[in-house]
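The numbering of the sequence shown is the working numbering, which starts it at 40 and goes up by one.
Think of the CB as a built atom: it goes at the ideal place given N, C-alpha and C, for glycine as much as any other residue.
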Amino acid sequence: MRRLAVAVAVGVLTVAVAVTGCGSVRVTEAGGGGGGGGTVAETTVPAEPDPATDPVRQGVADHDRLFPGVAALGCASAKPSPSAGGTGTTAPAVPADPWAARHAENSMYKQMAPLNAVDRCRGEAHSRRISDVVKARAALGPLTGDDVHGILESLGYPRNSAQVQLAGGQVSFELTIPGAGPCVGGRVAGGSVSVEAHGNYLDGGCSEPKGGH
């Protein structure tokens with residue numbers, strides 16, 4: 040078999056690009072100078088994450104397939120509003136008094152992370168679609184925990200994504216939006232319905248942790 044030989048003039052820069060197995064691109068530069076010698080330099084450039092293996096992108100893609108109406112709002116490109124504050128609150132300033140500081144530290148588990156613009160847009164969209172159906176059903180009579188679970192499941196939220204509680208005639212629920220988040224909490228007392236989005240608790244999860252530290 041004949042071999043094809045390619046002559047390259049001295050001084051021409053040869054650049055070879057190879058994709059490595061760890062999500063980066065390796066660029067090899069070979070420069071030729073006089074005298075037949077050359078230098079080889081390798082630079083590793085981070086590659087764009089593969090949507091098929093990036094869990095965040097995959098989660099958003101899964102969410103958009105489950106909830107095309109919310110996806111159509113374009114929340115992924117939402118920009119922060121100067122007047123928008125987070126539903127959740129950040130950690131309060133530490134009081135100067137030692138006992139008060141200790142109490143504040145013990146209450147940290149009640150704090151929620153603030154929502155960014157994307158999560159706020161997505162969370163408010165889910166809150167509206169849930170609130171509309173819950174209000175219509177609550178107008179027909181008192182709701183049970185199973186009623187709320189049934190409503191959420193009919194809207195496409197898996198049963199294991201919501202925690203529903205009944206106490207003192209009030210039904211409350213905390214829902215983790217599948218795939219992309221954030222949290223949506225609701226309260227139903229008689230005909231009064233309140234549903235709103237919020238960030239995760241600093242201790243993790245959408246439901247308020249029990250007890251302090």
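Would you tell me roughly how many angstroms separate the C-alpha atoms of Arg226 and Gly180, rounded to the nearest one?
In the sequence shown, residue 226 corresponds to position 187, counting from 1. In the sequence shown, residue 180 corresponds to position 141, counting from 1. Roughly 15 Å between the two C-alpha positions.
Asp171 versus Val232 - alpha carbon distance
As a position in the sequence shown, residue 171 is number 132, starting the count at 1. As a position in the sequence shown, residue 232 is number 193, starting the count at 1. Rounded to whole angstroms, Asp171 to Val232 spans 9 Å at the Cα level.
Cβ neighbours of Ser200 in the same chain (closer than 7 Å, five flanking residues each side left out):
To locate residue 200, count along the sequence shown from 1; it is residue 161. The answer, listed in chain order, is Leu214, Thr215, Pro217.
So who's on the other strand from Gly110, going by DSSP bridges?
Numbered from 1 along the sequence shown, position 71 holds the residue referred to as residue 110. Before going on, a small fix: residue 110 reads as Ala here, not Gly. None, per the DSSP bridge assignment.
May I have the straight-line CA-CA distance separating Glu235 from Val109, to the nearest angstrom?
As a first step, residue 235 must be located in the sequence shown, where it is residue number 196. As a first step, residue 109 must be located in the sequence shown, where it is residue number 70. Near 15 Å, if we compare the C-alpha coordinates of Val109 and Glu235.
Anticipated Cβ contact below 8 Å, Val157 with Ala117, distance rounded:
In the sequence shown, counting from the first residue as 1, residue 157 sits at position 118. In the sequence shown, counting from the first residue as 1, residue 117 sits at position 78. Going by Cβ atoms, the distance from Val157 to Ala117 rounds to 5 Å, so yes, they are a contact pair.
Provide the residue span of the beta strand (DSSP E) that contains Ala236, from first to last.
By one-based count along the sequence shown, residue 236 stands at place 197. 231-237 is the span of the beta strand (DSSP E), which, as asked, contains Ala236.
Have a look at Gln204 and Ser246 and give me their C-alpha separation to the nearest angstrom.
Here residue 204 refers to the residue found at position 165 when the sequence shown is read from its first residue. Here residue 246 refers to the residue found at position 207 when the sequence shown is read from its first residue. Going from the Cα of Gln204 to the Cα of Ser246 covers about 11 Å.
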